[in-house]
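Inspection log for the structure reproduced underneath, given as structure tokens.
Number of protein chains: 2
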Amino acid sequence: MTSGDRDGLAAALELVGQRWALLIVRSLLDGAKRYGDLQRELGAPTNILATRLRELHAAGILYRVPLAHNVLAYALTERGAALRETVDALARWGEAGQQ
Amino acid sequence: MTSGDRDGLAAALELVGQRWALLIVRSLLDGAKRYGDLQRELGAPTNILATRLRELHAAGILYRVPLAHNVLAYALTERGAALRETVDALARWGEAGQQ
DNA sequence: CCGCGCACTTGCTTTTTGCAAGTATCGAGC
DNA sequence: GCTCGATACTTGCAAAAAGCAAGTGCGCGG
Chain E
-11 MTSGDRDGLA AALELVGQRW ALLIVRSLLD GAKRYGDLQR ELGAPTNILA
39 TRLRELHAAG ILYRVPLAHN VLAYALTERG AALRETVDAL ARWGEAGQQ
Chain R
-11 MTSGDRDGLA AALELVGQRW ALLIVRSLLD GAKRYGDLQR ELGAPTNILA
39 TRLRELHAAG ILYRVPLAHN VLAYALTERG AALRETVDAL ARWGEAGQQ
């Protein structure tokens, strides 16, 4: 195809440009976490957290790991883990600005 | 101070996590542009564009370059240009996902 | 002095985000 | 076997942000 492919940046922002999305990803970069852990760690509103997790799952950025009956964890897929560079770059930029 | 400094990522997202912000930055990464140019290139709503430019200016990410009386351009500061790595990382991630 | 282009602003609607409270499920304990 | 607490959400409603369309102020060219 000569066209049809969208802009990479615009496409990325549609998925991880939403509020809390990158914060969730960063949190999961150091290991799988459960819903309640993410909630407490991030302080995100529970409905937003649920919505983001659903979207990030649908986008193939994370997947659910059943631990017990009503206990499950969220972990990054390979695609999700590939966001590490972006997250690191942004974090470095942010740190440089608040000295 | 032992505390008071926020999280780098969270701080960064407050500034450039807003809708259109990174798209504006990327556009300016290849040179100064005027308001109308940005508007046409990005397709962003004019009021949002004006708001973002005001915020990005206040945050020291870009500055205004007067060209004539009622003609001015927007250009990235050094701090704004430092977002190139982040923008590139995100764009690469986005491109990798849409094959 | 009329219309045009530039750089916005203003008014109103729609979408997103946030808060608070409620729901479903299971397992432990009495 | 029934209440109690933990986990993982959903639901209802209010506030904030984003979006659309139309309007404003200013200088320039004719």
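Just so you know, the protein sequences line up as chains E and R, in that order. Under this note's numbering, the residues of the first sequence are numbered -11 to 87, in order. Under this note's numbering, the residues of the second sequence are numbered -11 to 87, in order. Beta carbons: idealized from backbone N, C-alpha and C, even for Gly.
C-alpha gap between residue i and residue j, whole angstroms
i	j	result
Ala(-1) (chain E)	Pro54 (chain R)	33 Å
Ala84 (chain E)	Gly(-4) (chain E)	26 Å
Glu73 (chain E)	Arg28 (chain R)	31 Å
Trp8 (chain E)	Leu26 (chain E)	11 Å
Ala47 (chain E)	Arg80 (chain E)	26 Å
His57 (chain E)	Gly24 (chain E)	15 Å
Tyr62 (chain R)	Leu50 (chain R)	7 Å
Leu1 (chain R)	Thr34 (chain E)	20 Å
Ala70 (chain E)	Gln86 (chain E)	26 Å
Leu16 (chain R)	Arg40 (chain R)	13 Å
His45 (chain E)	Lys21 (chain R)	38 Å
Gly19 (chain E)	Arg(-6) (chain E)	31 Å
Val4 (chain R)	Gln6 (chain E)	12 Å
Glu43 (chain E)	Val75 (chain E)	18 Å
Gly82 (chain R)	Ala32 (chain E)	25 Å
Residues sharing a beta bridge with residue i, DSSP
i	result
Val53 (chain R)	R:Ala61
Arg22 (chain E)	E:Ala61
Residue j beta carbon less than 8 Å from that of residue i
i	j	result
Arg52 (chain E)	Leu60 (chain E)	yes
Leu78 (chain E)	Val13 (chain E)	no
Leu11 (chain R)	Leu30 (chain R)	yes
Distance cut-off 7 Å: residue i Cβ against heavy atoms of the ligand PLP
i	result
Leu10 (chain E)	Looking at this structure, you won't find the ligand PLP or any other ligand, since it has none at all.
Name, going along the chain, the residues of the region 64 to 76 of chain R whose beta-carbon falls closer than 7 Å to a beta-carbon of chain E. If you check each beta-carbon in the region 64 to 76 of chain R against every beta-carbon of chain E, the ones closer than 7 Å belong to Arg67, Ala70, Leu71, Glu73, Thr74, Val75.
With 8 Å as the limit, tell me which residues of the region 6 to 25 of chain R have their beta carbon closer than that to any beta carbon of chain E; keep them in chain order. If the cut-off is 8 Å between Cβ atoms, the region 6 to 25 of chain R has Arg7, Leu10, Leu11, Arg14 near chain E.
Near-chain E residues of the region -6 to 5 of chain R (beta-carbon distance less than 9 Å), N- to C-terminal order: Going along the region -6 to 5 of chain R in chain order, one finds Arg(-6), Asp(-5), Gly(-4), Leu(-3), Ala(-2), Ala(-1), Ala0, Leu1, Glu2, Leu3, Val4, Gly5 with a Cβ nearer than 9 Å to chain E.
Mind pulling the alpha helix (DSSP H) runs of 4 or more residues that sit fully within the region -7 to 47 of chain E? Whole alpha helix (DSSP H) segments, 4+ residues: -4 to 4, 9 to 17, 23 to 30, 34 to 46.
Would you list, in chain order, the members of the region 49 to 60 of chain R that have their beta-carbon closer than 7 Å to a beta-carbon of chain E? For the region 49 to 60 of chain R, the beta-carbon criterion of a distance under 7 Å to any beta-carbon of chain E is satisfied by none of its residues.
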